[in-house]
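**Q** Structure in C-alpha cells, see below.
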Amino acid sequence: MEPKGQQRPAPATQATPATPAGVQLAAQLGLVARGDAVAFDAVFEQIGPSVLGVVKRVIRDPAQSEEVTQEVLLEVWRTAAKFDVGRGSAMAWVMTMAHRRAVDRVRSVQKESERERRMATADIPYDEVAEAVESSLERERVRRCLNLLTNVQRESVTLAYYRGYTYGQVASLLGVPTGTVKTRMRDALIRMRDCLGVAE
Amino acid sequence: MRLNNTGGDAHTLAGAYAMDAITVADRNRFERHLTVCEECAQEIASLREATAMLGAAAAEPLPAGLKERVMAAAAMTRQQPPAEEPAARTRRATAPARTKADAGSWLRSLGWPGRMSLALGAAAAAAVLAVAVVFGVSNGGMQQQLDQAQASSQQVAVVLTAEDAHMMTGSVAGGGFATIVMSGSRHELVFTVKGLHALPASLGYELWLMGPSGTRLIGMLPAGSNGMIGPVVASGLRPGDHLVLTAGPAGGSVRPTTPMMLDVAL
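Which chain is which? The protein sequence lines are A and B, in order. Each residue of the first sequence is one higher than the one before, counting from 18 in our numbering. Each residue of the second sequence is one higher than the one before, counting from 76 in our numbering.
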C-alpha cells in the first residue's frame, strides 16, 4: 500500500493488474481456463469472500445471496477462457459479473414496493462500508476515498452499487434530476478510481 | 435516451453503466455503443477497477459448505472454449494459443521485449510479472520494476523463459498460496508464495527437495514484501522430487520437521 498523499506514477497501460495479488489471480484464471481444479480452488479462496460480500449487499437475503454467489463462482469456472487480461484486472472481471448478477436477481425477483419500504427504514447507505465485519487496509482506503466525494456523489454511488438501484430510482430517492445523477455517478467513479489508484 | 458515437449522453451514462444502475434496455443499447466507442470501453474498464474495490470492501467470510458445493458443481460443468484467435496471431498457435498470445501482448504493452514475451507461456509470463512486482519499489513505474527484475534476477528469468517452463500451484496448509515455475530441462524451479502466516521469531519457513535420491534443504525463506515471498530458485532437481515447505527452528534444521505445510510432486 502506498503512503497517503504520495504521487501516483503514470500507469504503463490501462487497467493493469499491477499488484502481486492481481497478477497472481490473472495467472490463476489462465490455469482455470484449462480446467485446473487446484487453480480454481486458489481463485475461489481469493475472490469468494468479495463475491459473497457484494452479492449480499445488493440482495440482502442470505439464502438467495449464497445461491447467487455459487452461480457467479461457477460462472468463473465456466467462462475463465473469456477473461481478457488486456481489458482489466481479474478482480474487476469477477466483481462485474457478481454485481450484475445480483442486480439482475433483485430486479427480477423483488417487488419494488418491498424494496422501497426497506429503503425507507434503512440508514444512509454510506454506512454500508462501515458495517463491514472486519477492518482491512483496503476497506479503509475505500472509506477514505468515499469521504472525498460530495454528498450527492457518495449517495449516488452507494445507492447504485450497494443497493442495486437504477439511476432513475436514485434520482427519485434523492429528489434530483436524472441527468444530475448520471453525471454525479460518473464523476464519483472517476474520483474513486483516481483516489484508489486503480487503472488509468 | 439517444446514443451515438460522439454523443454526450452516452458518455455520461458510463458511471451508471459501470454500476449496473441502468435498466436492461438501456444496458443493451449502451453495450451496442461500446462496440463502436473504444474510448468509452476503456473508460468503463477503468471505472470497473474502482467498483471492484467497492465490492471487495464488502467482503465477508463464506459460509461452510459453499465452496464444496461449487467445486463439486465445477467438476461436472463443461467449460466454455476460448474465442478463436485472429489469423495474425496464430503463427505460434499451439493449445492453449489464446492465453499464450494474450500474455505476450500484455507483456509487450508493458514494454517487455518481444523476444522474451514470445518465449513465454502464459503461466510463466504471468509469473515473470509477479516476480517483477515483488522486486519493484512501491512507487516505481511498471517499466522500472521490469527493468529491475531483469537486472536483478537473471537466474530467475532463465528458468521462467525456458522452453519447457510450466507452472504449478499449491495451497499451504494453514494459509498461503505457492506458485512454482519449473523447467525440467534445466533441473531448476522458481518458487514464490503469498499469504503465509507470520511465524514466531523462534521459527522460520524452510523449503526442501525430497525424493528417492534424498532430502536436500534449499534454504530458509527470506522475509517477504507485501505478503509475497520469493522468488527463490532451487537447482539440481532430480526425478521423483517433491518440493516441501515446513516450519522449522529459525537457526535451520538438518531434516524437515513435520507437519509438511506444502508438498508438491514435481
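Here a beta-carbon is modelled for each residue, glycine too, at the ideal position from N, C-alpha and C. A quick note: this is a predicted structure, and the numbers were derived from the prediction, not measured.
Report the rounded CA-to-CA distance for B/ASN214 versus B/SER288, giving the unit in angstroms.
**A** Its pLDDT being 36, under 50, B/ASN214 is placed unreliably by the model, and the measurement read from it follows with that caveat. C-alpha separation (whole angstroms): 45 Å.
**Q** Where does B/ALA85 sit, in a helix, a strand or coil, going by DSSP?
**A** Helix at B/ALA85.
**Q** Spatial neighbours of B/VAL247 within its chain, please: CB distance less than 7 Å, with the 5 preceding and 5 following residues excluded, ordered by chain position.
**A** Here the set comprises ALA253, VAL268, LEU271, LEU320, MET336, LEU337.
**Q** In this structure, how does DSSP classify A/ASP204 when only helix, strand and coil are distinguished?
**A** DSSP places A/ASP204 in helix when its eight states are reduced to three.
**Q** Tell me which residues of the stretch 116-130 of chain B have at least one Cβ-Cβ distance to chain E shorter than 7 Å, keeping chain order.
**A** The chain labelled as chain E is not found among the protein chains of the depicted structure, namely A and B.
**Q** Could you confirm whether any beta carbon from chain A is found closer than 7 Å to the beta carbon of B/ASP95?
**A** Yes, B/ASP95 lies at the interface with chain A (some Cβ there is under 7 Å from its Cβ).
**Q** Taking A/ALA188 and A/VAL198 to be in contact with their CB atoms under 8 Å, please state how far apart those CB atoms are, rounded to whole angstroms.
**A** Correct: roughly 4 Å between the Cβ atoms.
**Q** Taking 7 Å as the threshold (beta carbon to beta carbon), is B/PRO157 in contact with chain A?
**A** B/PRO157 counts as touching chain A.
**Q** Check whether the Cβ atoms of B/VAL145 and A/GLN45 sit closer than 7 Å, and answer yes or no.
**A** No, the pair does not count as a contact, with Cβ atoms beyond the cut-off.
**Q** Mind listing, in chain order, the continuous alpha helix (DSSP H) runs of no fewer than 4 residues lying wholly within the stretch 80-114 of chain A?
**A** Counting whole runs of 4 or more residues, the stretch 80-114 of chain A contains no alpha helix (DSSP H) stretch at all.
**Q** By the three-class DSSP mapping on this structure, what secondary structure does B/ALA309 have?
**A** Of the three classes helix, strand and coil, the one that applies to B/ALA309 here is strand, per DSSP.
**Q** Once the 5 residues before and after B/GLY327 are set aside, which same chain residues still bring their CB inside 6 Å of it?
**A** Cβ neighbours of B/GLY327 beyond the five flanking positions: none.
**Q** Using a 10 Å radius around the Cβ and a threshold of 16 neighbouring Cβ atoms, would you call A/ARG180 buried or exposed?
**A** The residue is buried, with at least 16 neighbouring Cβ atoms inside 10 Å.
**Q** I want to see whether chain B comes within less than 7 Å of A/GLU88, judged by CB atoms only; does it?
**A** Not one chain B Cβ lies under 7 Å of A/GLU88.
**Q** Find the residues of chain A that neighbour B/GLY245, judging by a C-beta separation of less than 9 Å, and give them in chain order.
**A** Per Cβ cutoff of 9 Å: VAL55, ALA59.
**Q** Can you tell me whether DSSP reads A/SER67 as helix, strand or coil?
**A** DSSP places A/SER67 in helix when its eight states are reduced to three.
**Q** Anyone know if the C-beta pair for A/ALA56 and A/VAL49 falls short of 7 Å?
**A** Yes, Cβ-Cβ distance for A/ALA56 and A/VAL49 is below 7 Å.
**Q** Given that a residue counts as buried once 16 or more other Cβ atoms are within 10 Å of its Cβ, and exposed if not, what is B/GLU263?
**A** Label assigned to B/GLU263: buried.
**Q** Residues of chain A with a CB under 7 Å from the CB of B/PHE105: which are they?
**A** Here the premise fails: no neighbours, minimum Cβ distance about 11 Å.
**Q** How about A/ARG74 and B/ALA96: do their beta carbons lie closer than 7 Å?
**A** No. Outside cutoff.
**Q** For the stretch 93-118 of chain B, list the alpha helix (DSSP H) runs that are entirely contained and at least 4 residues long, ordered along the chain.
**A** Qualifying alpha helix (DSSP H) stretches, in chain order: 99-109.
**Q** Using alpha carbons as the reference points, say which of B/GLY323, B/MET257, B/ALA91 lies closest to B/ALA276.
**A** Of B/GLY323, B/MET257, B/ALA91, the residue nearest in Cα terms is B/GLY323.
**Q** For the alpha helix (DSSP H) containing A/ALA38, list its first residue and its last residue.
**A** That run of the alpha helix (DSSP H) goes 37-49.
**Q** Can you tell me the Cβ-Cβ gap for B/GLY286 and B/ASP239, rounded? I've got them flagged as a contact below 8 Å.
**A** Not confirmed; about 19 Å, so no contact.
**Q** Can you pull the chain A residues whose beta carbon is under 8 Å from the beta carbon of B/THR98, in chain order?
**A** Here the neighbours are THR183, GLY185.
**Q** Just to check, is the beta-carbon of A/LEU46 closer than 6 Å to a non-hydrogen atom of the ligand HEM?
**A** Among the components modelled here there is no ligand, and therefore nothing to report on the ligand HEM.
**Q** Beta-carbon separation of B/GLY279 and B/MET295 under 7 Å?
**A** Closer than 7 Å, so yes.
**Q** Is the stretch 107-116 of chain B touching the stretch 83-99 of chain A in the sense that three or more CB pairs, one from each, lie closer than 8 Å?
**A** Touching, no, given that fewer than three Cβ pairs across the two stretches are closer than 8 Å.
**Q** List the residues of chain B that A/LEU154 touches, going by C-beta distances under 9 Å, in chain order.
**A** Those do not exist, as A/LEU154 stays about 10 Å from chain B at its closest Cβ, beyond 9 Å.
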